[in-house]
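Shown next, in structure tokens, is the structure this report addresses.
There are 2 protein chains.
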Amino acid sequence: MKNTLSAAVILIGNELLSGSIQDKNLAHIAKKLEVRGIRIRETRIIPDIEDEIVNAVNHLREKFDYVFTTGGIGPTHDDITSDSIAAAFGVPNVIQHDVFEQIDKRLKEKGVPFTKAAQRMAHAPEGAQIIHTKHSIIPGYRKGNVFVMAGVPSIMRLMLEAVIEHLDTGFEIHNTAIHANVGEGEIAQALETIQNQHPDIDIGSYPQDKNSEFSDFKVIFMVKGTDLGEIDTACNKILSACHDGGHDAVLA
Amino acid sequence: MKNTLSAAVILIGNELLSGSIQDKNLAHIAKKLEVRGIRIRETRIIPDIEDEIVNAVNHLREKFDYVFTTGGIGPTHDDITSDSIAAAFGVPNVIQHDVFEQIDKRLKEKGVPFTKAAQRMAHAPEGAQIIHTKHSIIPGYRKGNVFVMAGVPSIMRLMLEAVIEHLDTGFEIHNTAIHANVGEGEIAQALETIQNQHPDIDIGSYPQDKNSEFSDFKVIFMVKGTDLGEIDTACNKILSACHDGGHDAVLA
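Taken in sequence, the protein lines are chains S and D.
Residue numbers for the first sequence follow my numbering, beginning at 485 and rising by one.
Residue numbers for the second sequence follow my numbering, beginning at 485 and rising by one.
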């Protein structure tokens with residue numbers, strides 16, 4: 485897709501792999517990035533193991549314009565993201581004095597001890613740029629093209645709002661959806677022809693589950709791109725192909 | 485974790501990366517595997533691009549006991565999973581005559597043409613073992629230690645039921661959750677000590693979002709392992725550590 489930047493997301497946490505917790509961050513990040521012309525091209529969900537985090541970060545930061553991580557920046561033994569990001573960059577994980585003071589002040593107000601364990605939250609890899617977050621005392625940070633955020637969705641969202649200000653932007657990616665009552669097999673050839681005519685547009689075809697939100701329709705076609713005129717043209721061709729075959733199809 | 489097998493999951497589809505569709509398969513697969521002693525150790529979400537699928541499949545099938553893929557086995561231009569799995573194994577993607585006949589028969593009954601595009605669904609990599617699925621005419625299949633399933637959740641679930649019969653099993657993985665009203669920073673040191681005393685048990689600590697299902701509690705501790713006695717011991721230590729500090733904590 486023309487004039488867009490690329491990104492990878494690394495979701496860190498055993499709980500996501502075991503099905504104990506359902507990720508709620510990826511889709512939110514994707515949507516916030518697409519309006520800024522940044523496309524997520526790969527996501528990895530990995531356990532709280534330093535080698536795994538180091539390998540994923542080092543592979544993906546070479547391959548894509550940006551990498552975003554979520555999870556593992558709290559105070560407990562399984563919160564090893566900052567240690568691992570530091571190891572990936574070959575630098576120590578060091579105390580951030582302004583963050584330390586900020587957390588210390590807040591905990592004193594609440595009468596909660598600032599334990600040695602909790603002080604881990606005031607660390608970040610050497611040379612990281614702390615990205616302060618409105619309404620959260622724990623900040624995210626940037627190291628190179630890697631942005632580190634919390635896993636708890638409400639905190640991650642606050643961090644992302646601040647992180648976004650640090651990103652270059654591409655052309656906004658637009659989506660148009662078509663709902664249709666046609667078997668995929670019957671429309672596949674026409675769809676492929678239209679896709680080949682518009683290589684800068686992404687046409688996806690998603691059969692709908694009987695229990696899904698849009699189960700009145702057999703399939704949703706998703707047309708994505710940066711050029712609204714081209715999206716419009718491709719959508720009209722898809723609608724015509726459906727109607728010509730006697731199938732219902734409407735812009736969503 | 486002792487006596488368990490390892491697995492990776494590859495979720496294939498642009499729609500998952502763009503946030504258009506929220507994955508509903510990973511957690512279901514994880515839970516079905518854990519009772520059979522198989523742990524998911526990595527998940528990748530990748531686009532409908534052959535090279536990406538080939539690289540992920542070849543990397544992960546070397547590293548883990550099993551690999552499960554979802555998505556990309558329908559009839560449209562973006563359904564390239566079988567071509568890609570075949571390429572990963574260096575074999576052609578060939579027609580499966582019994583599958584072809586099965587689909588052909590069903591479509592004739594419904595009066596729907598069996599288009600050339602739809603015939604892609606009757607292909608699988610040479611040497612694949614077709615895994616027929618109750619209540620679905622499209623089967624999953626196995627090639628080596630890689631199991632290929634649909635992306636639509638209702639169909640994936642049917643396929644998984646059949647796939648599971650093909651897997652070796654480890655010791656069942658059990659989970660116990662503790663809900664507690666304690667700041668993570670206050671309990672982190674005790675938690676780390678307990679984790680170190682029980683290296684075969686996985687202790688996770690998950691702070692709860694204000695809007696979450698369990699927001700009456702600040703944190704959930706998840707204790708996982710194959711030895712129920714050891715889980716029990718670890719849980720009792722966590723409960724004691726919370727209570728000793730004057731914090732509420734209960735088995736969930």
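Every residue, glycine too, gets a C-beta built ideally from N, C-alpha and C.
Quick one: residues in its chain with C-beta nearer than 6 Å to the C-beta of residue 730(D), no 5 flanking neighbours on either side, listed in chain order?
Against the second sequence, residue 730(D) aligns to sequence position 246. For residue 730(D), where only same-chain residues beyond five positions count, there are no Cβ hits under 6 Å.
The stretch 551 to 583 of chain S: positions lying closer than 7 Å to chain D by Cβ:
Within the stretch 551 to 583 of chain S, the residues whose Cβ lies closer than 7 Å to any Cβ of chain D are, in chain order, 558, 559, 560, 561 and 562.
What does the Cβ neighbour count give for residue 707(S), buried or exposed, with the cut at 16 atoms within 10 Å?
Sequence index remark: in the first sequence, residue 707(S) carries index 223 (1-based). Label assigned to residue 707(S): buried.
Alpha carbon to alpha carbon, how far is residue 625(D) from residue 566(D)?
In the second sequence, counting from the first residue as 1, residue 625(D) sits at position 141. In the second sequence, counting from the first residue as 1, residue 566(D) sits at position 82. Between the alpha carbons of residue 625(D) and residue 566(D) lies a distance of about 10 Å.
Threshold first: 3 residues or longer. Then list the beta strand (DSSP E) segments lying entirely within the stretch 551 to 620 of chain D, N to C.
The qualifying runs are 577 to 579, 607 to 609 and 613 to 617.
Indicate whether residue 622(D) and residue 634(D) have their beta-carbon atoms separated by less than 8 Å.
Sequence index remark: in the second sequence, residue 622(D) carries index 138 (1-based). Sequence index remark: in the second sequence, residue 634(D) carries index 150 (1-based). When the beta-carbon positions are compared, residue 622(D) and residue 634(D) come within less than 8 Å of each other.
Verify the CB distance criterion: does residue 541(S) have a CB-CB separation below 8 Å to chain D?
For the purposes of this step, residue 541(S) is taken as the residue at position 57 of the first sequence. Taking 8 Å as the threshold, the shortest C-beta distance from residue 541(S) to chain D does not fall below it.
Using a Cβ cut-off of 8 Å, pull out every chain S residue sitting near residue 724(D), in sequence order please.
Counting from 1 along the second sequence, the entry for residue 724(D) is found at position 240. Near residue 724(D) there are no residues of chain S at all, since even the closest Cβ is about 17 Å away, more than 8 Å.
With a 10 Å radius around its C-beta and 16 neighbouring C-beta atoms as the bar for buried, classify residue 602(S) as buried or exposed.
Stepping through the first sequence from its first residue, residue 602(S) is reached at position 118. Buried.
Report the residues of the stretch 664 to 689 of chain D with a CB closer than 7 Å to any CB of chain S, ordered along the chain.
Answer set for the stretch 664 to 689 of chain D: 667, 668, 669, 670, 672, 673, 675, 676, 679, 686, 688 and 689.
For residue 726(S) and residue 666(S), which I take to be in contact (beta-carbon distance under 8 Å), what is that distance rounded to the nearest angstrom?
Start at 1 with the first residue of the first sequence, and residue 726(S) comes out as number 242. Start at 1 with the first residue of the first sequence, and residue 666(S) comes out as number 182. Confirmed, about 5 Å.
Counting contacts by CB-CB distance shorter than 8 Å, is residue 647(D) in contact with chain S?
Residue numbering aside, residue 647(D) sits at position 163 when the second sequence is read from its first letter. Output row for residue 647(D): interface = no.
Measuring CB atoms only, is the stretch 485 to 498 of chain D touching the stretch 521 to 532 of chain D, in the sense that at least three cross pairs come out at less than 8 Å?
Contact holds: three or more Cβ-Cβ distances are below 8 Å.
Distance, residue 689(S) Cα to residue 591(D) Cα:
For the purposes of this step, residue 591(D) is taken as residue 107 along the second sequence, with counting starting at 1. For the purposes of this step, residue 689(S) is taken as residue 205 along the first sequence, with counting starting at 1. For the pair residue 591(D) and residue 689(S), the Cα-to-Cα distance works out to about 20 Å.
Residues sharing a beta bridge with residue 660(D), DSSP:
Looking up residue 660(D) in the second sequence gives position 176. Per DSSP, 707(D).
Rank 612(S), 521(S) and 724(S) by C-alpha distance to the C-alpha of residue 572(S) and give the top, closest one.
Working through the first sequence from its first residue, we reach residue 572(S) at position 88. Looking at the Cα atoms, 612(S) is the closest of the given residues.
Within its chain, find whatever has a CB closer than 8 Å to the CB of residue 516(S); leave out the 5 residues flanking it on each side and keep chain order.
Position 32 of the first sequence, counting from 1, holds the residue named residue 516(S). Closer than 8 Å at the Cβ level, and outside the excluded window around residue 516(S), lie 644 and 648.
Which one of 693(S), 694(S), 700(S) and 673(S) has the shortest CA to CA distance from residue 687(S)?
On the first sequence, residue 687(S) is found 203 positions in, with the first residue counted as 1. The residue with the shortest Cα to Cα distance from residue 687(S) is 673(S).
Could you say which of 581(D), 677(D) and 716(D) lies nearest to residue 604(D) if we only look at CA atoms?
Taking the second sequence and counting its residues from 1, one reaches residue 604(D) at position 120. Taking the Cα of residue 604(D) as reference, the smallest distance to any Cα among 581(D), 677(D) and 716(D) is reached at 581(D).
Which of helix, strand or coil does DSSP assign to residue 702(S)?
Within the first sequence, residue 702(S) is the residue found at index 218, counting from 1. The three-state secondary structure of residue 702(S), taken from DSSP, is coil.
Give me the Cα-Cα distance between residue 651(D) and residue 546(D), rounded to the nearest whole angstrom.
The residue given as residue 651(D) occupies position 167 in the second sequence. The residue given as residue 546(D) occupies position 62 in the second sequence. Approximately 17 Å, taken between the alpha carbons.
Just tell me which of 681(D), 518(D), 504(D) and 619(D) has its CA closest to the CA of residue 717(D).
Translated into positions along the second sequence, residue 717(D) becomes position 233. Considering only alpha carbons, the answer is 681(D).
According to DSSP, is residue 540(S) part of a helix, a strand, or is it coil?
Here the question's residue 540(S) lines up with position 56 in the first sequence. Look at residue 540(S) here: in three-state DSSP terms it is helix.
Report whether the distance from the Cβ of residue 701(D) to the nearest heavy atom of the ligand MN is below 7 Å.
Only the bare structure without any ligand can be found here, which leaves the ligand MN out of the picture.
Bridge partners of residue 530(S), per DSSP?
Numbered from 1 along the first sequence, position 46 holds the residue referred to as residue 530(S). Beta-bridge partners assigned by DSSP to residue 530(S): 496(S).
List the residues of chain S whose Cβ lies closer than 8 Å to the Cβ of residue 486(D), in chain order.
Looking up residue 486(D) in the second sequence gives position 2. Within 8 Å Cβ-Cβ: nothing; residue 486(D) doesn't reach chain S, min ~16 Å.
Tell me the DSSP secondary structure of residue 640(S) in three-state form.
Taking the first residue of the first sequence as position 1, residue 640(S) is located at position 156. Helix, per DSSP.
In its own chain, which residues sit with a C-beta less than 6 Å from the C-beta of residue 526(D), not counting the 5 before and 5 after it?
To locate residue 526(D), count along the second sequence from 1; it is residue 42. Excluding sequence positions up to five before and after residue 526(D), its CB lies within less than 6 Å of the CB of 492, all in the same chain and listed in chain order.
Cα separation between residue 568(D) and residue 606(S)?
Here residue 568(D) corresponds to residue number 84 of the second sequence, with the count starting at 1. Here residue 606(S) corresponds to residue number 122 of the first sequence, with the count starting at 1. Note on geometry: alpha-carbon atoms of residue 568(D) and residue 606(S) lie some 45 Å from one another.
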